[in-house]
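To start, the structure under review is shown below, and the notes come after it.
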Amino acid sequence: IEDNDPKEKDRRDQRSRLLELHREASAWFHLNLLRSRDAEHARSYLKHRGLTKEVAVSWQIGYAPGGWETLRNWAMAKGFTRDELLAGGLLTAKEGDSQGGYDRFRDRLMFPIRNDYGDVVAFSGRILTDSQKEAKYVNSPETPIFSKGRVLFGVDKSKRALIDAGEAVVLEGQIDLISAFEHGVKNVVAPQGTAFTAEQARLLRRFVEKVALCFDSDTAGQNAVEKSLPSLLAAGIEVRVVSLPAGEDPDSLIRGKGVEAFRERLAGSRDFFDHTIARAVAEAEARGIPFGPREKAVVARRLGGFLTHLPEAALRETTTAHVAARLGLSVEALSEAASK
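The sequence shown begins at 2 in this note's numbering and counts up by one.
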């Protein structure tokens, strides 16, 4: 049946234009990186991070020039309108400004964000020196073609490896992911932001039954692990946690000690519940106190809440019994902690 709804046709037309805009902008950013004299520091940065020209070409990494209207002028010369640039999030305008607008991405290394079909739907732009007084990353806003909670960076390239491995290694950033992928660890994805949404978990569940969360070992990284848990567990995914050496991320570990050191960390990943208990015991020991009744009660309350997200009764029951045994509690006591 042909859809004659004019609103639906407008929506489809806009989507098609925005996808074309992003495809062309990605190619333009990439050409800037490869050829522009102004991008010399961007090329140096990539070299410093161990990313070759071949890798930059494979991932279509780009460079956004430093001007306020460079992209705007290029895009409008190509026939795109100001409204399309605003709708795609490539232009930012002050409230009440009906004429102007300036480039959202300026003097940044550009990573195209693709959906699982491989269409460029957004960008993530990274500063090139950590002394810049700006946010380290600027990302595209929500647009008609991009919802950050529904897209996983890298999945367009890693789909086959995800299916073959049956497990996804979840990393925090684009450079970590590219570094791992190019060194042969190809079953990798990265959420846009750290915590998983229900949509991202369902997307991942199409390819795998297990994930290994490989976030930073600092408190922020561990908080991101816990924020990701409800969505992943509810999707029926088994969650493991990878411990990285203090102060290391996957990219620095791979460059410093080789990909085998990273693979060893992946092989040593632990089930989330076991990981959390082991971490709590280690933290108590570091403070010179025994892992006693109060500490156990705190962990029981934390883990009890996560146990309720397990979708199958049998899995919930066996995991609850396992966690209770590890904490030296009865199943009833742990279940009671879960309900608080």
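Even for Gly, the Cβ is constructed at its ideal location relative to N, Cα and C. All of these numbers come straight from a predicted model, not from anything done at the bench.
query, result
"Could you give the first and the last residue of the continuous beta strand (DSSP E) run that contains Gly257?", "Where Gly257 is concerned, there is no enclosing beta strand (DSSP E), although the alpha helix (DSSP H) it sits in stretches over Pro251 to Lys258."
"So, with DSSP's three-state summary, where would you put Pro294?", "helix"
"Can you tell me where the alpha helix (DSSP H) holding Tyr64 begins and where it ends?", "First-last for Tyr64: Gly63 to Ala65, but that is the beta strand (DSSP E), not the alpha helix (DSSP H)."
"Taking just the CA atoms, how far does Gly194 sit from Ala43?", "23 Å"
"Could you give the first and the last residue of the continuous alpha helix (DSSP H) run that contains Gly126?", "Segment Val121 to Arg127 is the beta strand (DSSP E) holding Gly126; no alpha helix (DSSP H) there."
"Quick check on His49: buried or exposed, where buried means 16 or more other Cβ atoms within 10 Å of its Cβ?", "exposed"
"For a test of the three-state rule: what should DSSP assign to Ile2, helix, strand or coil?", "Bear in mind that the predicted position of Ile2 carries a pLDDT of just 46, short of 50, making it unreliable; the figure below should be weighed with that in mind. DSSP places Ile2 in coil when its eight states are reduced to three."
"Met111 and Ala65 look like a contact to me (Cβ under 8 Å); what is the Cβ gap, rounded to whole Å?", "5 Å"
"Comparing alpha-carbon positions, which option in Val121, Glu25, Asp252 and Ala169 lies nearest Leu205?", "Ala169"
"What is the DSSP secondary structure of Arg109, reduced to helix, strand or coil?", "strand"
"Check the DSSP bridge columns for Lys211 and list the partner residues they point to.", "Glu168 and Glu239"
"In three-state DSSP terms, what is Asn140?", "strand"
"State the CB to CB distance for the pair Val190 and Gly155, rounded to an integer number of angstroms; the pair is presumed to be in contact (CB under 8 Å).", "5 Å"
"Following the continuous alpha helix (DSSP H) through Val56, name the residue where it begins and the one where it ends.", "Lys54 to Ser59"
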